[in-house]
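Asker: As numbered in full-length UniProt numbering, residues 1 to 256 make up the sequence shown, in order.
Right, I'll just put the structure down here and ask away after.
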Amino acid sequence: MTESSRKCVLITGGGSGIGAATSIAFAKTGYDVVINYSRNRDGAEAVAEECRTLGVDAITAEGDIAGDEACQSIVAAAIEHFGRIDALVNNAGVTRFAPADDLSASNAADFEYIFKVNVTGSYQMIRAAVPYLKKAALGSIVNISSDSAFSGSGSSLAYAASKGALNTMTAGLARSLAPHIRVNAICPGFVDTSWALSWHSEESYRDFKKGLIASAALKSIPDAHDIADAVLWLSDRATRVTGQCLVIDSGAGLLG
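In structure tokens:
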């Protein structure tokens with residue numbers, strides 16, 4: 001193992017959407033990239049190849065972060081190849097759709113599944129990476145949360161509750177890991193990605209977006225690149241920022 005002269009970022013769920021855009025943003029800045037995936041191997045490999053064309057090294061690392069052994073294995077792959085981790089982006093997340101006004105639509109298994117990935121999985125990744133992040137000049141962790149943590153709305157109450165827990169964990173870890181590691185969260189509103197399109201027909205998605213744009217203060221909705229830019233800023237440039245949960249929603253929350 002030879003330690004790379006470049007900084008290294010590890011991104012969970014990096015094969016598509018926000019994770020893919022974030023991987024490429026870091027590569028453009030000169031970071032080597034570790035792209036974790038659970039099922040989307042083809043997507044992760046394509047993102048890794050795009051990162052390499054930008055002049056950095058990139059590898060993929062399979063693993064479901066719900067399992068602690070997988071988290072340890074993902075981190076081990078990063079260290080074996082690059083010898084360092086300077087930044088961790090906890091992007092992997094799951095949900096199950098359930099109307100908030102139908103309490104029978106969710107059960108204990110739904111909560112356990114969502115929390116196991118969104119909260120416990122993120123914690124396990126942090127725990128595995130911390131010994132190496134402490135060796136960085138100033139290690140950084142960014143958790144991808146959601147504005148659902150504040151509104152209680154979104155795909156399900158279980159999802160919103162998991163993101164609220166992730167924000168609380170962000171604050172707690174920002175205290176306990178300071179001054180060696182900064183910990184922050186990004187809380188996107190609705191983001192225009194292929195994942196969002198997957199649960200709409202093209203026509204209903206188009207109408208849905210029109211409604212969101214009309215109701216947002218900035219008359220727009222964020223895309224994956226907007227979130228990636230903010231993650232990169234918090235990770236690489238905002239060296240005096242920790243314990244913060246940054247909402248990116250085009251001002252939708254301002255207007256209720």
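A virtual CB, placed ideally from N, CA and C, is assigned to each residue, including glycine.
Since the structure is predicted, the reported quantities are computational estimates derived from the model, not experimental observations.
Taking buried to mean at least 16 other C-beta atoms within 10 Å of its own C-beta, is threonine 239 buried or exposed?
Answerer: It counts as exposed.
Asker: With DSSP run on the structure shown, which of helix, strand or coil describes alanine 136?
Answerer: Looking at alanine 136 - three-state DSSP - the assignment turns out to be coil, as it is neither helix nor strand.
Asker: Do leucine 157 and serine 122 come within 8 Å of each other at the CB atom, strictly closer than that value?
Answerer: Contact flag unset, no.
Asker: What are the partner residues of isoleucine 59, as DSSP defines its beta bridges?
Answerer: The partner list for isoleucine 59 (beta bridge, DSSP) reads Val34.
Asker: By Cβ distance below 7 Å, which residues in the same chain neighbour lysine 134 in space, the five residues on each side in sequence not counted?
Answerer: Cβ within range, chain order: His180 and Ile181.
Asker: Taking buried to mean at least 16 other C-beta atoms within 10 Å of its own C-beta, is proline 99 buried or exposed?
Answerer: Exposed, by the Cβ-count rule.
Asker: Work out the CA separation of glutamate 80 and glycine 63 for me, nearest whole Å.
Answerer: Going from the Cα of glycine 63 to the Cα of glutamate 80 covers about 16 Å.
Asker: Measuring only the C-alpha atoms, how far is cysteine 187 from glycine 55?
Answerer: Spanning the two alpha carbons is a distance of roughly 30 Å.
Asker: With distance defined between alpha-carbon atoms, name the residue in Ala27, Ile35 and Cys8 nearest to glycine 19.
Answerer: Looking at the Cα atoms, Ile35 is the closest of the given residues.
Asker: Cα separation between serine 174 and aspartate 147?
Answerer: The question names serine, but residue 174 is alanine in the sequence shown. Between alanine 174 and aspartate 147, the C-alpha separation is close to 19 Å.
Asker: If you draw a straight line from the alpha carbon of asparagine 107 to that of alanine 171, how long is it in whole angstroms?
Answerer: Approximately 28 Å, taken between the alpha carbons.
Asker: I think alanine 149 touches threonine 193, with their Cβ atoms under 8 Å apart; what is that distance to the nearest whole Å?
Answerer: In fact, because the Cβ distance is near 19 Å, the residues do not count as touching under 8 Å.
Asker: Taking the straight line between their C-alpha atoms, what separation do you get for serine 162 and threonine 95?
Answerer: Approximately 9 Å between the Cα atoms of the pair.
Asker: Using DSSP with H/G/I as helix, E/B as strand and the rest coil, what is isoleucine 186?
Answerer: Note: isoleucine 186 maps to strand in three-state DSSP.
Asker: Let me make sure I understand the geometry here. Which of Asn90, Gly253 and Glu203 has the alpha-carbon closest to that of glycine 154?
Answerer: Taking only the C-alpha atoms, the option nearest glycine 154 is Gly253.
Asker: Thinking alanine 66 and valine 119 are a contact (beta carbons under 8 Å), I'd like their distance in whole angstroms, please.
Answerer: Contact doesn't hold; Cβ gap of about 10 Å is too wide.
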